[in-house]
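These notes are about the structure you will find just below.
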Ligand code: SF4
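Here's what the structure looks like:
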């Protein structure tokens with residue numbers, strides 16, 4: 007059962023939102039139809055006010071971030087021609103295709119030396135040459151070299167791909183990866199679960215039910231994970247609600263999700279953007295805020311709703327901290343995937359920049375680990391200066 011949340015119903019200007027506000031106050035779960043109302047109401051500020059109240063009841067003014075580093079070992083992908091929203095993937099012989107050797111991965115990971123990095127976020131393409139041994143060797147080497155760093159790696163789609171090419175069960179793949187050092191799974195690869203949407207944007211990609219199944223298997227093994235939804239392409243409001251319902255149902259069953267992260271579609275340098283005739287920023291700030299707020303209100307069994315500043319800009323992320331968001335993407339260091347489809351945001355942020363972003367929204371920053379345990383609170387006078395130089399170097 008969701009918790010009862012204090013809320014002033016007079017803040018709502020759309021009468022259709024009133025029954026939802028009453029459920030919030032009573033601690034009642036929202037229905038699919040409530041979610042549709044939240045997505046379609048003209049009163050965005052009312053939706054945001056309810057999400058803000060729900061978030062404050064759980065987290066007060068605290069906003070967390072992690073000191074993380076993204077590593078993308080390969081952009082070679084067998085689905086290069088069928089995921090039409092993707093600008094990152096390449097075929098093996100195509101210009102720009104790359105696959106890191108172990109030494110290259112380790113060289114990239116050495117950017118973490120002397121910095122505050124506590125997590126490697128490792129995802130890439132579905133490369134026929136990167137089977138189980140490629141990743142188990144990589145994770146073992148990373149854990150030997152950086153024993154303090156958490157490994158969050160391989161989307162559900164990559165796990166299913168490794169299982170397929172190795173002719174193993176997904177469970178056995180997860181067990182082998184965990185033994186090699188895998189700590190948690192990222193939430194990418196979900197896109198929008200609806201079969202009709204997948205037919206248009208990711209025809210051959212792992213389906214929504216299978217994505218859920220990989221996460222269920224991971225949770226049952228004690229491997230926690232994040233989850234996402236890609237929005238702003240061809241999906242309907244009902245598709246979004248079906249997606250959120252599937253995530254909420256699995257969370258009821260396993261409690262294994264750490265955070266929900268809605269991801270905004272970017273239309274540059276991908277086939278879908280050309281088909282839709284869109285360039286530049288595809289989603290509106292209005293829709294970005296609404297997706298975050300609905301996530302907070304509908305996913306009542308999730309503790310953490312995260313804004314990905316790389317996709318929606320740091321300015322919008324500041325506002326999102328008043329629309330139900332309690333966690334933001336961290337230092338990152340060198341982001342490639344969204345910059346391949348036209349993200350104009352920086353590829354990383356220093357600790358000082360993250361603190362400035364959070365404080366600039368009137369919130370209190372706290373650094374967390376990958377399981378959302380707070381490691382460090384920052385007083386107003388604390389700019390994390392002893393770590394700032396090293397994160398600055400990493401962002402170059
Ligand atoms: S979205 Fe993922 S699976 Fe699809 S082409 Fe891009 S890298 Fe490959």
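Residue numbers (the working numbering): 7 to 402. Every residue gets a Cβ at the ideal spot worked out from N, C-alpha and C, and that includes glycine.
C-alpha gap between residue 24 and residue 255, whole angstroms = Along the chain shown, read from residue 1 onward, the residue named residue 24 stands at position 18. Along the chain shown, read from residue 1 onward, the residue named residue 255 stands at position 249. Taking the straight line from one Cα to the other gives about 25 Å.
Consider the C-beta atom of residue 305 and the heavy atoms of the ligand SF4; say whether any pair is separated by less than 8 Å.
-> In the chain shown, the residue the question calls residue 305 occupies position 299. Because no heavy atom of the ligand SF4 lies under 8 Å away, the Cβ of residue 305 does not count as near it: no.
CB of residue 163 to nearest heavy atom of the ligand SF4: below 8 Å?
-> On the chain shown, residue 163 is found 157 positions in, with the first residue counted as 1. Yes.
Is any heavy atom of the ligand SF4 found at a distance shorter than 8 Å from the C-beta of residue 88?
-> Numbered from 1 along the chain shown, position 82 holds the residue referred to as residue 88. Yes; taking the cut-off as 8 Å, the Cβ of residue 88 has a heavy atom of the ligand SF4 nearer than that.
So, helix, strand or coil for residue 25, using DSSP?
-> Sequence index remark: in the chain shown, residue 25 carries index 19 (1-based). In the three-state scheme derived from DSSP, where H, G and I count as helix and E and B as strand, residue 25 is classed as helix.
For the beta strand (DSSP E) holding residue 236, just list the boundary residues, first then last.
-> Walking along the chain shown from the start, residue 236 turns up at place 230. Run containing residue 236: 231-237, per the beta strand (DSSP E) assignment.
What distance in whole Å lies between the Cβ atoms of residue 30 and residue 60, which are believed to be in contact at a cut-off of 8 Å?
-> The sequence position of residue 60 within the chain shown is 54, counting from 1. The sequence position of residue 30 within the chain shown is 24, counting from 1. At roughly 7 Å, the Cβ-Cβ gap stays under 8 Å, so residue 60 and residue 30 are in contact.
Does the distance from the CB of residue 58 to the CB of residue 291 come in under 9 Å?
-> Here the question's residue 58 lines up with position 52 in the chain shown. Here the question's residue 291 lines up with position 285 in the chain shown. It is not a contact, given that the beta carbons lie outside the stated cut-off.
The segment 73-87 touching the segment 131-141, judged by at least three CB pairs closer than 8 Å = Flag = yes, the segment 73-87 and the segment 131-141 touch.
Return the Cβ separation of residue 253 and residue 198 in integer angstroms, given the expectation that the two are a contact with Cβ distance under 8 Å.
-> If you number the chain shown from 1, residue 253 lands on position 247. If you number the chain shown from 1, residue 198 lands on position 192. The Cβ separation is near 12 Å, so there is no contact.
Beta strand (DSSP E) containing residue 373: first to last residue?
-> Taking the first residue of the chain shown as 1, we reach residue 373 at position 367. First-last of the beta strand (DSSP E) with residue 373: 370-374.
Distance, Cα to Cα, residue 123 vs residue 179?
-> Counted from its first residue, the chain shown places residue 123 at position 117. Counted from its first residue, the chain shown places residue 179 at position 173. So the two alpha carbons sit approximately 27 Å from each other.
Contact belief for residue 148 with residue 187 at Cβ below 8 Å, rounded distance in angstroms | For the purposes of this step, residue 148 is identified with residue 142 of the chain shown, where counting begins at 1. For the purposes of this step, residue 187 is identified with residue 181 of the chain shown, where counting begins at 1. Between residue 187 and residue 148 the Cβ distance is about 7 Å, and since that is below 8 Å, they are a contact.
Could you tell me if residue 173 is buried or exposed, where buried requires 16 or more neighbouring beta carbons within 10 angstroms of its beta carbon?
-> Numbered from 1 along the chain shown, position 167 holds the residue referred to as residue 173. Under this definition residue 173 is an exposed residue.
Is the closest heavy atom of the ligand SF4 to the C-beta of residue 270 under 8 Å?
-> Looking up residue 270 in the chain shown gives position 264. Not under cutoff, so the answer is no.
Cβ-heavy atom distance between residue 238 and the ligand SF4 below 8 Å?
-> Counting from 1 along the chain shown, the entry for residue 238 is found at position 232. For the ligand SF4, not one heavy atom lies less than 8 Å from the Cβ of residue 238.
Using the C-alpha atoms, what's the distance from residue 144 back to residue 106?
-> Position 100 of the chain shown, counted from the first residue, corresponds to residue 106. Position 138 of the chain shown, counted from the first residue, corresponds to residue 144. For residue 106 and residue 144, the gap between their C-alpha atoms comes out near 10 Å.
Alpha carbon to alpha carbon, how far is residue 182 from residue 200?
-> Residue mapping note: residue 182 aligns to position 176 of the chain shown, counting from 1. Residue mapping note: residue 200 aligns to position 194 of the chain shown, counting from 1. Distance between the alpha carbons of residue 182 and residue 200 is about 31 Å.
Terminal residues of the continuous beta strand (DSSP E) containing residue 251?
-> Start at 1 with the first residue of the chain shown, and residue 251 comes out as number 245. From DSSP, residue 251 is part of no beta strand (DSSP E) but of the alpha helix (DSSP H) over 243-260.
Contiguous alpha helix (DSSP H) assignments of at least 4 residues, all confined to the segment 10-84 | 24-32, 38-46, 50-65
By the 10 Å Cβ neighbour count, where 16 or more other Cβ atoms means buried, how is residue 285 classified, buried or exposed?
-> Numbered from 1 along the chain shown, position 279 holds the residue referred to as residue 285. Classification of residue 285: exposed, given that the 10 Å Cβ count is below 16.
Residue 112 versus residue 70 - alpha carbon distance = For this step, residue 112 is matched to residue 106 along the chain shown. For this step, residue 70 is matched to residue 64 along the chain shown. Taking the straight line from one Cα to the other gives about 28 Å.
Three-state secondary structure (DSSP) at residue 175?
-> If you number the chain shown from 1, residue 175 lands on position 169. DSSP places residue 175 in coil when its eight states are reduced to three.
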